[in-house]
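Visitor:
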Amino acid sequence: MAYKISDACIACGTCAANCPVGCISDKGSKYEIDPSVCISCGTCAAVCPVGAPSEE
Ligand code: SF4
Ligand code: SF4
Numbered sequence: 000m001a002y003k004i005s006d007a008c009i010a011c012g013t014c015a016a017n018c019p020v021g022c023i024s025d026k027g028s029k030y031e032i033d034p035s036v037c038i039s040c041g042t043c044a045a046v047c048p049v050g051a052p053s054e055e
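For reference, each letter of the sequence shown is one residue, going 0 to 55 in numbering that gives the first Met the number 0.
Rendered as structure tokens:
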């Protein structure tokens with residue numbers, strides 16, 4: 000299962016900078032994960048300051 004970013008995202012970019020497969024992109028007011036590429040490593044959830052990413 001892929002991870003998904005909730006509306007709590009403050010678009011800081013930390014998750015995108017740390018994702019090992021580069022599947023997180025800037026969508027303006029929040030960041031979004033491409034579920035077809037995400038390997039569910041959990042790194043984004045671990046580095047996010049507001050706990051926005053979680054496993055679907
Ligand atoms: Fe990237 Fe891992 Fe987060 Fe998936 S779980 S978006 S692979 S950092
Ligand atoms: Fe949004 Fe968290 Fe990623 Fe920052 S680390 S862009 S707050 S999901």
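Glycine is no exception: its CB is placed at the ideal position from the N, C-alpha and C atoms.
(1) Residues in its own chain within less than 7 Å of Ile9 by CB, not counting five upstream and five downstream?
(2) Check whether the Cβ of Val20 lies closer than 7 Å to any heavy atom of ligand 1, and answer yes or no.
(3) I want to check one thing, is the minimum distance from the CB of Tyr2 to the heavy atoms of ligand 2 below 7 Å?
(4) State the CB to CB distance for the pair Cys18 and Thr42, rounded to an integer number of angstroms; the pair is presumed to be in contact (CB under 8 Å).
(5) Could you tell me the alpha carbon to alpha carbon distance between Ser35 and Ala7, rounded to whole angstroms?
Guide: Straight from the coordinates:
(1) Around Ile9: Val49.
(2) Yes.
(3) Tyr2 has its Cβ no nearer than 7 Å to any heavy atom of ligand 2.
(4) At roughly 6 Å, the Cβ-Cβ gap stays under 8 Å, so Cys18 and Thr42 are in contact.
(5) Here the C-alpha atom of Ser35 lies approximately 22 Å from the C-alpha atom of Ala7.
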